[in-house]
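J.: Mind looking over this structure? Questions follow.
Protein chains in written order, with this note's numbering: chain A, 824 to 940; chain B, 749 to 859.
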């Protein structure tokens, strides 16, 4: 079945440091890939996505490139801020079945990011 | 445009009891998915409803059941609560093939 593996956390950085959170996946076919962010006490917010190989998703300074050859979707940001402190989840959605059915999301275990001033 | 809402925010139940959690989908969305997020873990897919029919189920026992109403809002019911059912329950609505939008969750504590 589908699975997602994220780098072990937590990650602690100083403001303006470079961020990388590794994510690899196992899936058949051509899944869509996502990064979600969860702030304390809140639900999940979609941060970025990529739907096919070599696509780059980007939002709010975060980027991730869909690498099918390495089955990876690593999250990067060039200069983190204190406000980026949150839990980050990598997720995949399997290829859509025929008709109008919609694939479930499979999540990694999450990576806690703490950014200090 | 109103986003996904869930009620209640927090809930405390005793082992063996039953609970109903509610989710109102975003306007125009006809699909609702439910996830269980245990503390320190990623969300796990429970099931999905599309146009009032169950459309896929994860590895959860039958005591987890659901409904979707004509207005596409949804309920998650859990019978015979166990301590391990303590978690954040998230619902997400979507209009396939678009993205899933998550609500703030219901925190369930079973004592």
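Each residue gets a CB set at the ideal place from its N, CA and C atoms; glycine is no exception. Note that this is a predicted model, so its numbers are computed, not measured.
Can you find a CB in chain A that lies within less than 7 Å of the CB of residue 791/B?
T.: Yes, contact with chain A.
J.: Distance check for residue 888/A and residue 853/B, CA to CA, integer angstroms please.
T.: 29 Å
J.: Is residue 752/B helix, strand or coil by DSSP?
T.: It is coil, neither helix nor strand.
J.: Out of 834/A, 899/A, 894/A and 929/A, which has the shortest C-alpha to C-alpha gap to residue 881/A?
T.: 899/A
J.: On the criterion of 16 or more Cβ atoms from any shown chain inside 10 Å, does residue 910/A qualify as buried, or is it exposed?
T.: buried
J.: Would the beta-carbon of residue 896/A fall within 7 Å of that of residue 936/A?
T.: no
J.: Excluding the five sequence neighbours on either side, which residues of its own chain have a C-beta within less than 8 Å of the C-beta of residue 939/A, listed in chain order?
T.: 835, 836, 837, 838 and 905
J.: Note down the Cα distance separating residue 795/B from residue 781/B, rounded to an integer number of angstroms.
T.: 6 Å
J.: Smallest Cα separation from residue 778/B: which of 847/B, 850/B, 855/B and 841/B?
T.: 841/B
J.: Span of the beta strand (DSSP E) holding residue 887/A?
T.: 885-888
J.: Since residue 939/A sits in a beta bridge, which residues does DSSP pair it with?
T.: 837/A
J.: Can you give me the start and stop residues for the beta strand (DSSP E) that residue 761/B sits inside?
T.: Looking at the DSSP string, the run of the beta strand (DSSP E) that includes residue 761/B is 758-761.
J.: Could you name the residues of the region 799-823 of chain B whose beta carbon sits closer than 8 Å to any beta carbon of chain A, in the order they occur along the chain?
T.: 803, 804 and 806
J.: CB residue 825/B to CB residue 834/B, shorter than 7 Å?
T.: no
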